[in-house]
Amino acid sequence: LLLEVGVKNKQITPSGIDFHPIIQFNRFTNTNNASENNIIIKAPIEKSFGKMIGINITANADIAKYSSPSTVSAPINNNLYGIAPSILLKTPNVKLNLGVKPTWNNGVFNLLPNLTVNSRLPNSNFSVEAGFKGTFIKNGFRSLVQFNPWIGLPNQLKNTRSIEQYIGLNGSTNSHFSFNAQVALIQMKDQPLFINQLGDGKAFDILYTNMNAFKLSGEVNYTFQEKLSLLASASFTNFSKLDAASDAFGLIPLETTAGLIWKPIGDLQVKADLFYRSGSLYRDSFSFSARRLSPAMDMNLGLEFGLMPKLNLWLQMNNLFNNT
1418 LLLEVGVKNK QITPSGIDFH PIIQFNRFTN TNNASENNII IKAPIEKSFG
1468 KMIGINITAN ADIAKYSSPS TVSAPINNNL YGIAPSILLK TPNVKLNLGV
1518 KPTWNNGVFN LLPNLTVNSR LPNSNFSVEA GFKGTFIKNG FRSLVQFNPW
1568 IGLPNQLKNT RSIEQYIGLN GSTNSHFSFN AQVALIQMKD QPLFINQLGD
1618 GKAFDILYTN MNAFKLSGEV NYTFQEKLSL LASASFTNFS KLDAASDAFG
1668 LIPLETTAGL IWKPIGDLQV KADLFYRSGS LYRDSFSFSA RRLSPAMDMN
1718 LGLEFGLMPK LNLWLQMNNL FNNT
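Heads up, the numbering used here is the position in the sequence shown plus 1417, with the first residue counted as 1.
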């Protein structure tokens, strides 16, 4: 169950304020009588002082309570509160975000960095972006099941603190072709791993670990006369310095995606997406050594046709390869 309501001003107010508060309620249950109630509140406010200077303040509250047959007497509260004030500086060639993120993770205070800079290279269509950013990734029952539907019922929930340092290049060579590429070093505290249980190995225990990651990612986009758009992206991550396991069990090191949007005639649009995921590591039930699953590939295909103004007919087909 998902309910969400938000408010956004259509235009910046005369005093230069832009706001977009959102409140969301999630209720997630499964067949084992486990449940999680989750309220998320986001309240970003931005005020401009002329064209070059601005202030952004975003308040966040993520409140959750999880219960299961194993936690009936003591449901697990998993709460994140934070505020992120930033100073925004803009010039024709440089954009700066100077801020911090005071965050309370289940009552424990963390002061996270929020620093980014984007600089356009002289006499070119290329920009360099760098950042030093910290964030908390909420590991609730719902989000863990979304990532791995076969987990056993968790008996504890920990949120991942991520500190990322990155640098990237983006731009375009002409009106048709654009790209971005990025390299990042990430430090993670309490990152969940998924270790298959002994026996049939069809359910997974959650193990939290501290670890580092080196990540390379990129995306290219080509558009031809508003009739054809091609997109390709890839992300490779190398995991290291795990303190609670020998390998990054259950995490996917390589993900690639290719997409197509094609308008062959008039009001007909064809959309296709191709996904490739390299296999994650799992624990062999007999030798206890790490082995890697086979990679997976699948495809989505959709058609949309405009019958008349404000009325469209569409067909969407997902996982055409039926890859388990």
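The beta-carbon is built from N, C-alpha and C at its ideal position, and this holds for glycine as well.
Beta-carbon proximity of residue i to residue j, cut-off 8 Å
| i | j | result |
| --- | --- | --- |
| Asn1450 | Pro1486 | yes |
| Val1545 | Leu1513 | no |
| Ser1697 | Gly1667 | yes |
| Phe1621 | Gly1676 | no |
| Gly1551 | Ala1598 | no |
| Ile1678 | Ser1646 | yes |
Rounded separation between residue i and residue j - CA only
| i | j | result |
| --- | --- | --- |
| Ser1484 | Asn1443 | 14 Å |
| Asp1701 | Thr1448 | 28 Å |
| Ile1504 | Phe1722 | 45 Å |
| Gly1588 | Phe1543 | 4 Å |
| Ile1480 | Gln1441 | 11 Å |
| Phe1594 | Phe1641 | 9 Å |
| Leu1430 | Pro1502 | In the sequence as displayed, the identity of residue 1430 is Thr instead of Leu. C-alpha separation (whole angstroms): 20 Å. |
| Asn1717 | Gly1433 | 43 Å |
| Leu1528 | Lys1555 | 17 Å |
| Leu1392 | Lys1644 | Residue numbering for the chain in the displayed model covers 1418 to 1741; residue 1392 lies beyond these limits and cannot be assessed. |
| Asn1426 | Phe1553 | 28 Å |
| Leu1420 | Thr1674 | 30 Å |
Residue i at chain C interface by Cβ criterion, 8 Å
| i | result |
| --- | --- |
| Ser1589 | Included in the structure is just one protein chain, with no chain C present. |
Same chain, Cβ closer than 6 Å to residue i, five either side skipped, listed in chain order
| i | result |
| --- | --- |
| Pro1461 | His1437 and Thr1475 |
| Asp1715 | Phe1692, Asn1736, Phe1738 and Asn1740 |
| Ala1478 | Ile1458 and Tyr1498 |
| Val1534 | Leu1513 and Ala1547 |
| Asn1655 | Phe1631 |
| Ala1713 | Arg1694 and Asn1740 |
| Pro1571 | Ile1623 |
| Asp1435 | Ile1429 and Glu1463 |
| Arg1578 | Phe1553 and Lys1606 |
Exposure label - residue i; buried when at least 16 CB within 10 Å
| i | result |
| --- | --- |
| Met1628 | buried |
| Lys1468 | exposed |
| Ala1665 | buried |
| Gly1683 | exposed |
| Arg1709 | exposed |
| Asp1617 | exposed |
| Asn1510 | exposed |
| Met1605 | buried |
Beta-ladder partner(s) of residue i, from DSSP
| i | result |
| --- | --- |
| Glu1636 | Asn1597 and Ser1650 |
| Gly1696 | None, per the DSSP bridge assignment. |
| Leu1710 | For Leu1710, which the question treats as bridged, DSSP gives no partner whatsoever. |
| Met1725 | Leu1728 |
| Lys1459 | Ile1439 and Asn1477 |
| Asp1690 | Gly1676 and Asn1717 |
| Trp1521 | Tyr1498 and Phe1526 |
Cutoff 8 Å; reference residue i; Cβ partners in own chain excluding five residues on either side
| i | result |
| --- | --- |
| Gly1423 | His1437, Pro1438, Ile1439 and Ile1440 |
Cβ-heavy atom distance, residue i to the ligand COA, below 7 Å
| i | result |
| --- | --- |
| Leu1648 | This structure does not include the ligand COA; it has no bound ligands of any sort. |
Beta-carbon contacts of residue i that lie in its chain and below 7 Å, excluding the five residues immediately before and after
| i | result |
| --- | --- |
| Gly1471 | Glu1463, Lys1464, Ser1465 and Leu1505 |
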